[in-house]
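Peer 1: Numbering (UniProt numbering), first residue to last: 1 to 212.
Backbone N, C-alpha and C fix where the C-beta goes; we use that ideal spot for every residue, glycine too.
Here the structure is a predicted model, which means the values were calculated and not measured.
Shown below is the structure under consideration.
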């Protein structure tokens, strides 16, 4: 599990295609410093398992499965590109952001960016299938960054707005995203479970007029 508090910006060193999968090598001195094979590291919000390390060079390698390549923006990364990195949170750690699984639900894109001296307001389009999980003042992870939703709209296409403070602009890749750029989205897992519980309860409820 993660919290959406990015620890460092890493650099993609290589993305080696292996048929329907790939191996991703990233330079991230902080997260690689105490990593071990089998550990989980979120790369732009995608939970990946460490399979190789060169800690002295600040490098780690992870497998990227076909499901991840098809549902996230990781398949399009190139050497030299910066990515957000976060190690999995220990049981005794602080939940500084919100509960982030590292299971990307889909991708969105930057629609608009308005800069002010104090912060940036950024609007993202999101898939219609995810819009119902996004609520004003709720939480969402964008490229692995825990953010609070400022507002939501449904037309002319589903979209939400967030405010990026200087710390987020300086310490994550979101400070460099431009209109049209693709991002990974993970909606609040609690919203998904609540929907599932409600659907299951409705399906099990006796129909009107039917014997209980």
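Do you know how far the Cα of residue 187 is from the Cα of residue 230?
Peer 2: In the structure as shown, the chain begins at 1 and stops at 212. Residue 230 is therefore absent and cannot be evaluated.
Peer 1: Closer than 6 Å by C-beta to residue 177: which residues in its own chain qualify, once you throw out the five before and the five after it? Chain order, please.
Peer 2: Cβ within range, chain order: 110.
Peer 1: Roughly how many whole angstroms lie between the Cα atoms of residue 21 and residue 173?
Peer 2: Between residue 21 and residue 173, the C-alpha separation is close to 25 Å.
Peer 1: Looking only at C-alpha atoms, which of 185, 199 and 193 sits nearest to residue 73?
Peer 2: Checking every option, the nearest Cα to that of residue 73 belongs to 185.
Peer 1: Could you tell me the distance, in whole angstroms, from the CA atom of residue 18 to the CA atom of residue 65?
Peer 2: Their backbone Cα atoms lie some 10 Å apart in a straight line.
Peer 1: Does the separation of the CB atoms of residue 50 and residue 38 fall below 9 Å?
Peer 2: Contact flag set, yes.
Peer 1: Applying the criterion that 16 or more other CB atoms from any shown protein chain within 10 Å of the CB defines a buried residue, is residue 90 buried or exposed?
Peer 2: Looking at its Cβ environment, which holds fewer than 16 other Cβ atoms inside 10 Å, residue 90 is exposed.
Peer 1: Grab me the residues of residue 80's own chain with a C-beta within less than 8 Å of its C-beta, minus the 5 sequence neighbours each way, in chain order.
Peer 2: Cβ neighbours of residue 80 beyond the five flanking positions: 11 and 12.
Peer 1: Excluding the 5 residues preceding and the 5 following residue 47 in the sequence, name in chain order all residues of the same chain whose CB lies nearer than 6 Å to its CB.
Peer 2: For residue 47, where only same-chain residues beyond five positions count, the Cβ hits under 6 Å are 40 and 102.
Peer 1: If we call anything under 9 Å between Cβ atoms a contact, is residue 145 one with residue 160?
Peer 2: In this structure, residue 160 does not lie closer than 9 Å to residue 145 by Cβ.
Peer 1: According to DSSP, is residue 70 helix, strand or coil?
Peer 2: Three-state DSSP puts residue 70 in a helix.
Peer 1: Using CA atoms only, rank isn't needed, just tell me which of 7, 179, 31 and 83 is closest to residue 121.
Peer 2: Checked all of 7, 179, 31 and 83; the closest Cα to residue 121 is 179.
Peer 1: According to DSSP, simplified to helix, strand and coil, what is residue 143?
Peer 2: In this structure, residue 143 counts as coil in the three-state DSSP scheme.
Peer 1: Whose C-beta lies closer than 7 Å to the C-beta of residue 260 among residues of the same chain, with five residues either side of it excluded?
Peer 2: Any question about residue 260 goes unanswered here, given that the chain covers just 1 to 212.
Peer 1: Buried or exposed for residue 87, please, with buried defined as at least 16 other CB atoms from any protein chain shown within 10 angstroms of its CB.
Peer 2: Classification of residue 87: buried, given that the 10 Å Cβ count is 16 or more.
Peer 1: The beta strand (DSSP E) spanning residue 25 covers which residue range?
Peer 2: 21–27 is the extent of the beta strand (DSSP E) around residue 25.
Peer 1: State the Cα-Cα distance for the pair residue 151 and residue 198, rounded to the nearest angstrom.
Peer 2: Approximately 25 Å between the Cα atoms of the pair.
Peer 1: Run through the DSSP bridge pairs and tell me what residue 223 is partnered with.
Peer 2: Limits of the chain in this structure are 1 at one end and 212 at the other, which puts residue 223 out of reach.
Peer 1: Buried or exposed for residue 78, going by 16 or more other Cβ atoms inside 10 Å?
Peer 2: By the neighbour-count rule (16 or more Cβ atoms within 10 Å), residue 78 is not buried but exposed.
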